[in-house]
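Engineer: Just so you know, we're using our numbering here: the sequence shown kicks off at 5 and counts up by one.
Here you go, one structure.
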Amino acid sequence: RKCQPQDNSSIIMYASAVNTAPLLLLGLLASSQALDNGLAMTPPMGWNSWNKFHCDVNQDLIVETAEQITALGLDKLGYTYVNIDDCWMATDRTDEENALVGDGDRFPDGMKWMGDYLHMNNLYFGIYSSAGTKTCAKYPASLGYEQIDAQTFANWGVDYLKYDNCFHENIPSIDRYSVMRDALNATGRPILYSVCQWGTENSWQWAASVGNIWRSTRDIQPEWQYIRYNFWKSQ
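Below you can see the structure in the form of structure tokens.
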């Protein structure tokens with residue numbers, strides 16, 4: 005599905021006013037007690053595709069967004085992460101290696117090319133998966149494939165992993181999220197690990213030892229009431 009935004013400035017408005025809010029709030033919650041891998045020493049800021057575009061994500065959108073971030077000088081202000089959320093992957097893993105692969109229609113040049121493009125523009129490459137059998141949009145996810153997927157992400161040059169909580173098979177969160185933490189660390193590539201666990205199972209009590217940043221509240225929508233609710237809920 006192609007997405008051609010009529011006004012690129014609206015993309016950046018979401019980046020700075022809405023989509024960065026969870027990154028910023030999560031980063032503020034992640035104090036010096038967070039996972040000690042040298043990342044997220046300050047709150048990571050940037051843009052995430054989900055809140056505005058949901059599954060209407062593709063290579064053209066990411067390129068246009070990156071161009072606007074740099075053209076408006078937002079990267080100089082610290083908005084350096086460009087995070088591709090759910091629906092970037094093909095509906096099946098590769099036959100040979102059981103690896104995730106990008107949807108060829110949405111990302112015709114591939115995910116490594118996407119990361120290389122962002123890096124050439126001095127931006128960080130963020131990607132999404134879930135600690136379950138499927139992502140929230142029912143695409144292939146990483147439960148049981150943590151080592152394969154972590155290495156795939158490292159090979160693509162991923163800098164940030166948002167790791168969701170859908171289809172978790174009732175396995176305790178701390179177990180599922182810890183496996184991916186160890187898999188990411190084993191790649192040798194520094195990848196900022198975002199524990200998108202929705203705040204269930206008292207995530208604030210254990211997530212600091214697992215991820216760089218973590219959630220403690222429900223999803224937001226592009227309305228102030230949701231941001232306000234999550235802010236006060238996290239106190």
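Glycine included, every Cβ here is placed at the ideal spot set by N, Cα and C.
Note that this is a predicted model, so its numbers are computed, not measured.
As a quick exercise: from LEU43, GLN229, ASN174, PRO144, pick the residue whose alpha carbon is nearest that of ASN102.
Structural biologist: PRO144
Engineer: Is ARG110 buried or exposed, if buried means 16 or more other CB atoms sit within 10 Å of its CB?
Structural biologist: By the 10 Å Cβ count, ARG110 comes out buried.
Engineer: In whole angstroms, what separates the C-alpha of SER20 from that of LEU78?
Structural biologist: Per-residue confidence for SER20 stands at a pLDDT of 39, beneath the threshold of 50, marking its modelled position as unreliable; no derived number is given.
Engineer: Below 7 Å CB to CB, which residues in the same chain sit around MET184 once its five sequence neighbours on both sides are set aside?
Structural biologist: ALA135, SER146, GLU150, ALA154, TYR167
Engineer: Please report the distance separating the alpha-carbon of THR3 from that of LEU76.
Structural biologist: What is shown of the chain runs 5 to 239, which leaves residue 3 out entirely.
Engineer: Is VAL61 near ILE88, with beta carbons less than 8 Å apart?
Structural biologist: In contact: VAL61 and ILE88 (Cβ atoms closer than 8 Å).
Engineer: Check MET118 in the structure and name its three-state DSSP category.
Structural biologist: helix
Engineer: Between which residues of its own chain and ASP160 is the CB-CB distance below 7 Å, once the five residues before and five after are set aside?
Structural biologist: According to the sequence displayed, residue 160 carries Trp and not Asp. Excluding positions up to five away in sequence, the list reads MET115, LYS116, GLY119.
Engineer: Short check: CB of GLN239 to CB of ARG219, under 8 Å?
Structural biologist: no
Engineer: Pick from ASP223, ALA158, ILE224, TYR197: whose alpha carbon is nearest that of ALA212?
Structural biologist: TYR197
Engineer: Which residues bound the beta strand (DSSP E) around PHE129?
Structural biologist: 128-134
Engineer: Pull up the distance between the alpha-carbon of GLN10 and that of VAL86, whole angstroms please.
Structural biologist: With a pLDDT of 39 at GLN10, under the threshold of 50, the modelled position of this residue cannot be trusted; read the value that follows with caution. Going by the C-alpha atoms only, they are around 20 Å apart.
Engineer: Should LEU81 go down as buried or exposed, given a rule of 16 or more other Cβ atoms within 10 Å for buried?
Structural biologist: exposed
Engineer: Please classify GLN63: is it buried, with 16 or more other beta-carbons within 10 angstroms of its beta-carbon, or exposed?
Structural biologist: buried
Engineer: Please report the residue range of the beta strand (DSSP E) in which TYR197 lies.
Structural biologist: 196-199
Engineer: Which residues in the same chain have their Cβ closer than 8 Å to the Cβ of SER207, if we skip the five residues on either side of it in sequence?
Structural biologist: SER177, VAL199, GLN201, TRP218, ARG219, SER220
Engineer: Helix, strand or coil for MET184? Go by DSSP, reduced to three states.
Structural biologist: In this structure, MET184 counts as helix in the three-state DSSP scheme.
Engineer: Roughly how far, in whole angstroms, is the beta-carbon of ALA44 from the beta-carbon of ASP90, given that I think they are within contact range, below 8 Å?
Structural biologist: So it is not a contact: roughly 22 Å between Cβ atoms.
Engineer: My output table needs one value for TYR230: the three-state DSSP class, helix, strand or coil.
Structural biologist: helix
Engineer: Going by the beta-carbon positions, is the gap between ASN125 and THR74 smaller than 8 Å?
Structural biologist: yes
Engineer: Got a sec? Which residues, its chain only, sit under 7 Å from TYR230 by beta carbon, not counting five neighbours each side?
Structural biologist: ILE224
Engineer: Please check the pair MET93 and ASP107, which I expect to be a contact at CB under 8 Å, by giving their CB distance rounded to whole angstroms.
Structural biologist: Confirmed, Cβ separation roughly 6 Å.
Engineer: In the structure shown, what three-state DSSP assignment does MET124 receive?
Structural biologist: helix
Engineer: Helix, strand or coil: how does DSSP classify LEU165 here?
Structural biologist: strand
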